[in-house]
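2 protein chains.
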Amino acid sequence: MPKSPQIRIDTTSTTPAYKQLADQLRVLAVEGVLKPGESLPPLRRLALELGVHFNTVAEAYRVLAQEGFLLITHGHGARITDRNPPRRPEPESLENFRQRLRELVASVRAHGLSTKQITSELNTAAEGLEKC
Amino acid sequence: MPKSPQIRIDTTSTTPAYKQLADQLRVLAVEGVLKPGESLPPLRRLALELGVHFNTVAEAYRVLAQEGFLLITHGHGARITDRNPPRRPEPESLENFRQRLRELVASVRAHGLSTKQITSELNTAAEGLEKC
Numbered sequence: 001m002p003k004s005p006q007i008r009i010d011t012t013s014t015t016p017a018y019k020q021l022a023d024q025l026r027v028l029a030v031e032g033v034l035k036p037g038e039s040l041p042p043l044r045r046l047a048l049e050l051g052v053h054f055n056t057v058a059e060a061y062r063v064l065a066q067e068g069f070l071l072i073t074h075g076h077g078a079r080i081t082d083r084n085p086p087r088r089p090e091p092e093s094l095e096n097f098r099q100r101l102r103e104l105v106a107s108v109r110a111h112g113l114s115t116k117q118i119t120s121e122l123n124t125a126a127e128g129l130e131k132c
Numbered sequence: 133m134p135k136s137p138q139i140r141i142d143t144t145s146t147t148p149a150y151k152q153l154a155d156q157l158r159v160l161a162v163e164g165v166l167k168p169g170e171s172l173p174p175l176r177r178l179a180l181e182l183g184v185h186f187n188t189v190a191e192a193y194r195v196l197a198q199e200g201f202l203l204i205t206h207g208h209g210a211r212i213t214d215r216n217p218p219r220r221p222e223p224e225s226l227e228n229f230r231q232r233l234r235e236l237v238a239s240v241r242a243h244g245l246s247t248k249q250i251t252s253e254l255n256t257a258a259e260g261l262e263k264c
């Protein structure tokens, strides 16, 4: 992994740091920025780079290992797996996505983003996915 | 407010209950399901209906009051305000939205939703906004 590419921990956020880290690493894995087989930095080094506690990185790695994104082995550290998503998503996944998307949109509208800006981002995201 | 319409608290979620409640009420306010002037249920009644602690509802109301969605007055309880979003969103809002959207999409892809399903939801959300 390149030197902690786009990872940023916002210490003022209400989202726990381990979750912020896991969320961002998941993006990099799903989008293929981190490739299967690639090693993640050792816990202590990443913790130092990000300015977070060792346990924070350990917890983020644990979450991603549980989800099947990382394989953690003694001696080899944490590596990105060749993970395939579950064949059949749970039936509530779509409903859950719809609700989380509504919440996200409501939250940024509340922060003053215009519907035009939001629509444009949604369309860009959709176009990006269509290329996958 | 109709009897706690679409509100659901997921006690297995890692998102705190007060935040789940605030997020869902914010959606209802932003989407206009809850209209300006409308009263929210008294804390204790809503807590009872949702099966959460009194303080959970109090904290959610406090968050929304701080954001300007609710006006809490003694004797009149909590009412939806005629809130206008800030004229100028903070410059980081757009970047923040982009990142949160990426994280949300990565998370549901990891749960097995197809890019087609996700694209379709994104487009539906965008179309819904264009009608606003």
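As you go down the protein sequences, you meet chains B and P in turn. Under the working numbering, the residue at position 112 of the first sequence is numbered 112, and the numbers go up by one with no gaps. Offset between the second sequence (1-based) and the working numbering: plus 132. All C-beta atoms, glycine included, are put in the ideal place defined by N, C-alpha and C.
Cβ-Cβ separation, residue j to residue i (assumed contact under 8 Å), whole Å
| i | j | result |
| --- | --- | --- |
| B:Thr81 | B:Leu70 | 6 Å |
| P:Leu226 | B:Ala125 | Actually they do not touch by this definition, with Cβ atoms about 13 Å apart. |
| B:Thr119 | P:Glu262 | 6 Å |
| P:Ala238 | B:Glu31 | 7 Å |
| B:Pro42 | B:Gly77 | 6 Å |
| B:Gly68 | B:Arg83 | 5 Å |
| P:Phe186 | P:Ala179 | 5 Å |
Exposed unless 16 or more other CB atoms sit within 10 angstroms - verdict on residue i
| i | result |
| --- | --- |
| B:Glu121 | buried |
| B:Glu49 | exposed |
| B:Arg8 | exposed |
| P:Arg241 | buried |
| P:Phe229 | buried |
| P:Pro221 | buried |
| B:Arg26 | buried |
Cβ of residue i within 8 Å of any chain B Cβ
| i | result |
| --- | --- |
| P:Arg194 | no |
| P:Lys151 | yes |
| P:Asn255 | yes |
| P:Thr146 | yes |
Where residue i meets chain P, residues with beta-carbon distance less than 8 Å
| i | result |
| --- | --- |
| B:Glu130 | Thr247, Thr251 |
Residue-chain proximity (residue i, chain P), Cβ-Cβ < 8 Å
| i | result |
| --- | --- |
| B:Leu101 | yes |
| B:Ser93 | yes |
| B:Glu49 | no |
| B:Val27 | yes |
| B:Ala126 | yes |
Neighbour list for residue i in chain P, Cβ cutoff strictly below 7 Å
| i | result |
| --- | --- |
| B:Leu104 | Arg232, Leu233, Leu236 |
| B:Glu67 | Ala242 |
Proximal chain B residues relative to residue i, where beta-carbon distance stays under 8 Å
| i | result |
| --- | --- |
| P:Asp155 | Glu103, Ala106, Ser107 |
Cross-chain neighbours of residue i in chain B, by beta carbon under 9 Å
| i | result |
| --- | --- |
| P:Phe229 | Leu104, Val105, Ser107, Val108, His111, Leu113, Gln117, Ile118, Glu121 |
Contacts of residue i in chain P (Cβ-Cβ under 9 Å)
| i | result |
| --- | --- |
| B:Pro89 | Val240, His243, Gly244, Leu245, Ser246, Gln249 |
Give a yes or no on contact between the segment 163-170 of chain P and the segment 114-129 of chain B, applying the rule of three or more CB pairs nearer than 8 Å.
no
Count the CB pairs spanning the segment 149-159 of chain P and the segment 190-201 of chain P that are closer than 8 Å, and state whether there are at least three.
yes
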